[in-house]
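Under this note's numbering, the letters of the sequence shown match residues 1074 to 1400, in that order.
Below: the structure, in structure tokens.
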Amino acid sequence: YEAIETGTGTSTYSGTVPLTTTKSGSQYQLNDGARGGHKTYDLNQGTSGTGSLFTNSTDTWGGGRQTAGVDAHYGAAVTWDFYKNVFGRNGIRNDGKAAYSRVHYGNSYVNAFWSDSCFCMTYGDGQNNKNPLTALDVAAHEMSHGVTAATAKLVYSGESGGLNEATSDIFGTAVEFYANNKTDVGDYLIGEKINIYGDGKPLRYMDKPSKDGKSKDSWYSGIGGVDVHYSSGPANHFFYLLSEGSGKKTINGVDYDSPTADGSKVTGIGRDKAQKIWYKALTTQFTSNTNYAKARTGTLNAAASLYGNNSAEYKAVAAAWSAINVK
Ligand code: ASN
Ligand code: ZN
Ligand code: CA
């Protein structure tokens, strides 16, 4: 017999978390029957297949190889809940069916990725297998690649590739704020917990993307030739400005200082409205070849349909794009 259960896990990055599991006979499995049957597997340093489903004799998880599995299983659940409760989206393809997660990929593999062909998320263990790339914002970033692939299908190169990456950073961040647990209170930093450079610094910054040394703060002709993880900068910056406004601000103890390309002042409309606008644009306006100029139009159309074309929200979208040089 099988039953849906609620267990507890000790994670790497999110403290003690609830886990939805399945009891099968006398064994518990990381199989989330409340969210489309999302399963989490241990690749045990392999690079193909599914390895083995995490199983346990009790419903208390963590320690050793299980710990990264706890993060991945929790991250997939919170991301599922975010899309469901905030946007009414029932899973990545809005069909109620889950993807799956694989952890412990390869040896000292410093990346995580979404693959549409397996419909799954995969996580490496980081440098010296010490920092698995399973933090909540990373998991939500990867799962959101699945949502983009199921909706706008933004091509993963050129300007559309930058918008694809930014979409994952935007919703990765939104999920972290949504979770609002003790250790994931939410910030506009990407990958601040995985110590990818060994110096404790985040991978990316949304208030001023150029703080990473590579991302672009604003649009310019030719940005389509930049790696998609850096051409995402202007759209991440747009989202920050639209949510929080320009200038200095401290949120959950983190200091931000967001500049504008033209010295203009932008007043934010709050993250809840900004994420609604981006989601509506992604799912009803953007297409595979949407570039920055079309993203401006698409988000303005989304804002008009949500709030009206004379609304403060519509005007803020226009102002935030202009502030990153998309006029
Ligand atoms: N972690 C990376 C990402 O999701 C993997 C890649 O370069 N596609 O963007
Ligand atoms: Zn990505
Ligand atoms: Ca973050």
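Every residue, glycine too, gets a C-beta built ideally from N, C-alpha and C.
{"Item": "Could you tell me the distance, in whole angstroms, from the CA atom of W1292 to the CA atom of K1096?", "Value": "51 Å"}
{"Item": "Which whole-angstrom value describes the C-beta separation of V1211 and L1116, a residue pair presumed to lie in contact below a C-beta threshold of 8 Å?", "Value": "So it is not a contact: roughly 17 Å between Cβ atoms."}
{"Item": "Residues in its own chain within less than 8 Å of A1402 by CB, not counting five upstream and five downstream?", "Value": "No answer is possible for residue 1402: it lies beyond the span of the chain, which begins at 1074 and ends at 1400."}
{"Item": "Whose CA, out of Y1086, Y1313, G1273, Y1196, lies closest to the CA of K1346?", "Value": "Y1313"}
{"Item": "Can you list, in chain order, the residues of its chain whose CB lies under 8 Å from that of K1226, leaving out five sequence neighbours each side?", "Value": "T1360, S1361"}
{"Item": "Keeping to the same chain, check which residues put their C-beta closer than 8 Å to that of S1283; ignore five residues upstream and five downstream.", "Value": "K1289, D1290, G1306"}
{"Item": "What residue does the alpha helix (DSSP H) around E1078 start on, and which one ends it?", "Value": "It is not in any alpha helix (DSSP H) - E1078 instead sits in the beta strand (DSSP E) that spans 1075 to 1083."}
{"Item": "Compute the distance between the beta-carbons of A1389 and A1334, then report whether it is under 8 Å.", "Value": "no"}
{"Item": "Could you check the C-alpha separation between Y1387 and A1377 for me, to the nearest Å?", "Value": "6 Å"}
{"Item": "In angstroms with no decimal places, state the Cα-to-Cα distance between N1246 and I1324.", "Value": "Position check: residue 1246 holds Thr in this sequence, whereas Asn was assumed. Taking the straight line joining both Cα atoms gives about 13 Å."}
{"Item": "Between the Cα of K1255 and those of T1081, T1089, T1085, spot the shortest distance and give me the residue it belongs to.", "Value": "T1089"}
{"Item": "Could I get the ranges of all uninterrupted alpha helix (DSSP H) runs contained in the region 1275 to 1305, with 4 residues as the minimum, in chain order?", "Value": "1301 to 1304"}
{"Item": "Going by DSSP, what residues sit across from I1263 in a beta bridge?", "Value": "R1277"}
{"Item": "So is the beta-carbon of I1267 under 7 Å away from any non-hydrogen atom of ligand 3?", "Value": "no"}
{"Item": "Quick check for students: name the residue ranges of the beta strand (DSSP E) that lie wholly in the region 1328 to 1367, counting only runs of 3 or more.", "Value": "none"}
{"Item": "So does S1304 have its beta carbon nearer than 7 Å to some heavy atom of ligand 1?", "Value": "no"}
{"Item": "Does the Cβ of S1241 lie closer than 7 Å to at least one heavy atom of ligand 2?", "Value": "yes"}
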